[in-house]
Amino acid sequence: MFASRSSVLLALTTIFLTLFSIVDASPVERRSNDQNSNTVINQYQVPTTVGASTLPTPTGTLKAITLGRGTQNYTCATASGAPVSVGAKADLFDVTPLLKSITIAQGTQLLNLLPQFLIDFDLSLVQQYSIPVLGYHYFNRGGQPTFDLGSTGFLVAKKMGDIAAPSDACAGQFGVGYGAIDWLNLIDAGGSTGISEVYRVETAGGSSRRLVLLRDRFRCSMRRFIGSTDESLVDAGWS
């Protein structure tokens, strides 16, 4: 299974990097491609429904589509205690260059597929391919989920919606684990700039075992949609 997954991800990565090198050309071409990127990603629909459960409807302008790769962290007070989430940490990889050269239908299928392959690889291995990183997700000292996308925007978030991942979602690395983490809708908790909400969907892995030994980290991979009502940033070419 590992060999077959490796070959698929390697092929996808090669295509991704080839397309990105074409996009990252002259300043004039970059400007044109930035505008095209906004047109492309705005044609994608944020998946919000799993069975009879639904996340709140997006209210802003779709600004970016990323693939997150990182860990969900848990701890417990005793060996028999219930696991408690103590945050998460992830790199957010920009998939926009790839989406510009394929159809919306192909892009949707690819986005749904990638998280279950990405989880099989250590973050250091993914990073060495130089896939563009749009930003980072972490929890601040106050325990709030935070998204730092540099000049694109900064969001300190709170949870607005939460639904269970599909029952057939990838359970963990190589398909072995404790299940996929929930899909979420996160909104501005105050003090954010350029970003008003984030959707965490198409998750793979990340759930904890029933008992956590002191402190555990579980790998996770997911697709994130980042939206904003700040049209000026979208018009300026940020994606």
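Residues -25 to -1, 1 to 214 (mature numbering (1 follows the signal peptide of the UniProt record, and there is no 0)) are what the sequence shown spells out, left to right. Glycine is no exception: its CB is placed at the ideal position from the N, C-alpha and C atoms.
Legend entry - P141 classed as buried or exposed, judged by whether at least 16 other C-beta atoms fall within 10 angstroms: exposed
Inset, instruction - Alpha carbon to alpha carbon, how far is L88 from V59? Give it in angstroms, no decimals. - result: 29 Å
Legend entry - Exposure of I106, with buried meaning 16 or more beta-carbon neighbours within 10 Å: buried
Inset, instruction - Can you give me the start and stop residues for the alpha helix (DSSP H) that residue 224 sits inside? - result: Residue 224 is absent from the structure shown; the chain starts at -25 and stops at 214.
Legend entry - For S99, the three-state DSSP class (helix, strand or coil): helix
Legend entry - the stretch 164 to 182 / the stretch 17 to 34 touching (three or more Cβ pairs under 8 Å): yes
Inset, instruction - Reducing DSSP to helix, strand and coil, say where Q148 ends up. - result: helix
Legend entry - the stretch 126 to 138 in contact with the stretch 79 to 98 per 3-pair CB rule at 8 Å: no
Legend entry - Spatial distance of S1 from T50 (CA atoms): Residue placement at S1 is poorly supported in this model, since its pLDDT is 40, which falls under 50; the coordinates still yield a value, given next. Each residue's Cα considered, the two are about 48 Å apart.
Inset, instruction - Could you tell me the distance, in whole angstroms, from the CA atom of V70 to the CA atom of I170? - result: 18 Å
Inset, instruction - Find the nearest neighbour of D157 within the set T78, A27, A179, Y111, judged by alpha-carbon distance. - result: A179
Inset, instruction - Kindly provide the ranges of any beta strand (DSSP E) runs that are 3 or more residues long and lie completely inside the stretch 117 to 168, ordered along the chain. - result: 120 to 123, 129 to 138, 158 to 163
Legend entry - For F68, the nearest candidate out of A146, F129, L109 (CA to CA): L109
Legend entry - Between the CA atoms of G82 and E124 - distance to the nearest angstrom: Here residue 124 turns out to be Leu, not Glu, going by the sequence shown. Spanning the two alpha carbons is a distance of roughly 23 Å.
Inset, instruction - Can you tell me which of L159, C145, A63, A164 puts its alpha carbon nearest to the alpha carbon of F129? - result: A164
Inset, instruction - Could you name the residues of the same chain whose beta carbon sits closer than 8 Å to that of I16, not counting the 5 residues immediately before and after it, in chain order? - result: L37, K38, A39, I40, T71, L74, S214
Legend entry - Run of the beta strand (DSSP E) containing L42, from where it starts to where it stops: 36 to 50
Inset, instruction - Pick out whichever of L159, S182, G181, G166 has its Cα sitting closest to the Cα of T29. - result: L159
Inset, instruction - Given a cut-off of 9 Å, decide if A63 and P120 are closer than it, judged by their beta-carbon atoms. - result: yes
Legend entry - Coarse secondary structure for V176, derived from DSSP in three states: strand
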